[in-house]
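Below is one structure, written out as structure tokens, with a few remarks after it.
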Amino acid sequence: MSQEFERAREWFLSGRRVDMGELAEDQAISRATLHRRVGSRDRLLGEILWSLSSASIARLWPTCAGRGAAGVADFVSGYVRFANDSPPFRDFLRREPERALRLLTTRASVCQQRTTAKLAELLTGEVSAGRLVPPLPVPDLAYLLVRIGESFVYTDVITGDAPDAAKAHAAVTALLT
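Heads up, the sequence shown is in the numbering used here, so the first residue is 640 and it goes up one at a time.
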């Protein structure tokens, strides 16, 4: 990871808004050089968000209770809980809700694409081990499970209701059993 990325990630984690002009100044480089190194602000924020998500994913699966449908439900609800309990993430979502939703939930989102791919790997492993009979093709199921998780992470932005990992767990369990 670049020094610029690390600094921006540090700012994000401290709840500070990542401003490209301030970051360029902090790194003693021009905005053009910063853009060449890390891309647009959206790209940089997407990579920061993915760095946090991928670390969560790596920690979650080994700690899930059980495997098969129960393990997948634990995984999705754990991921929702991680996002809902993350002050830097919640600060970003409150500060820039439209950007956050665009960076995290659209087809162009590196987070959604990579999370879906990781979940597809996990599901494929469960199917191969005979612990899960998927109700849909694995790529479609992975996408749907990510969307279910997103529904219970961004509930406050979308409907005004409180985010709820338990509801994500119930929805995934209902789908898979």
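Yeah, the Cβ is synthetic: ideal placement off N, Cα and C, and Gly gets one too.
- Message: Suppose contacts are defined by Cβ-Cβ distances below 9 Å. Is A807 in contact with V715 by that definition?
- Response: Stepping through the sequence shown from its first residue, residue 807 is reached at position 168. Stepping through the sequence shown from its first residue, residue 715 is reached at position 76. Between A807 and V715, the gap from beta carbon to beta carbon is short of 9 Å.
- DSSP state of V811 mapped onto helix, strand, coil: Your numbering for residue 811 matches position 172 in the sequence shown. Helix.
- Would you mind working out which of L815, R746, V772, D730 sits nearest F651, comparing C-alpha positions? For the purposes of this step, residue 651 is identified with residue 12 of the sequence shown, where counting begins at 1. For F651, the nearest C-alpha among the options comes from D730.
- Task: Could you check which residue in G769, P778, G764 has the C-alpha nearest to that of A756?
- Result: To locate residue 756, count along the sequence shown from 1; it is residue 117. Here the closest residue by C-alpha is P778.
- Give the range of the alpha helix (DSSP H) segment to which V766 is assigned. For the purposes of this step, residue 766 is taken as the residue at position 127 of the sequence shown. Bounds of the alpha helix (DSSP H) holding V766 are 749-767.
- Query: Taking the alpha carbon of A781 as the point to measure from, which residue in W700, L762, A697 has its own alpha carbon closest?
  - Reply: Position 142 of the sequence shown holds residue 781. For the residues W700, L762, A697, the minimum Cα distance to A781 belongs to L762.
- Query: Straight-line CA distance for G660 to Q752?
  - Reply: Position 21 of the sequence shown, counted from the first residue, corresponds to residue 660. Position 113 of the sequence shown, counted from the first residue, corresponds to residue 752. When rounded, the distance between both Cα atoms is 28 Å.
- Query: I think V711 touches F791, with their Cβ atoms under 8 Å apart; what is that distance to the nearest whole Å?
  - Reply: The residue labelled residue 711 in the question sits at position 72 within the sequence shown. The residue labelled residue 791 in the question sits at position 152 within the sequence shown. The C-beta distance from V711 to F791 rounds to 15 Å, too long to meet the 8 Å contact threshold.
- Task: Would you mind sorting G705 into buried or exposed? The rule is 16 or more other CB atoms within 10 Å of its CB.
- Result: Mapped onto the sequence shown, residue 705 falls at position 66. Result: exposed.
- Message: If I measure Cβ to Cβ from W604 and keep anything under 7 Å in the same chain, skipping five residues before and after, which residues do I get?
- Response: With the chain covering only 640 through 816, there is no way to say anything about residue 604.
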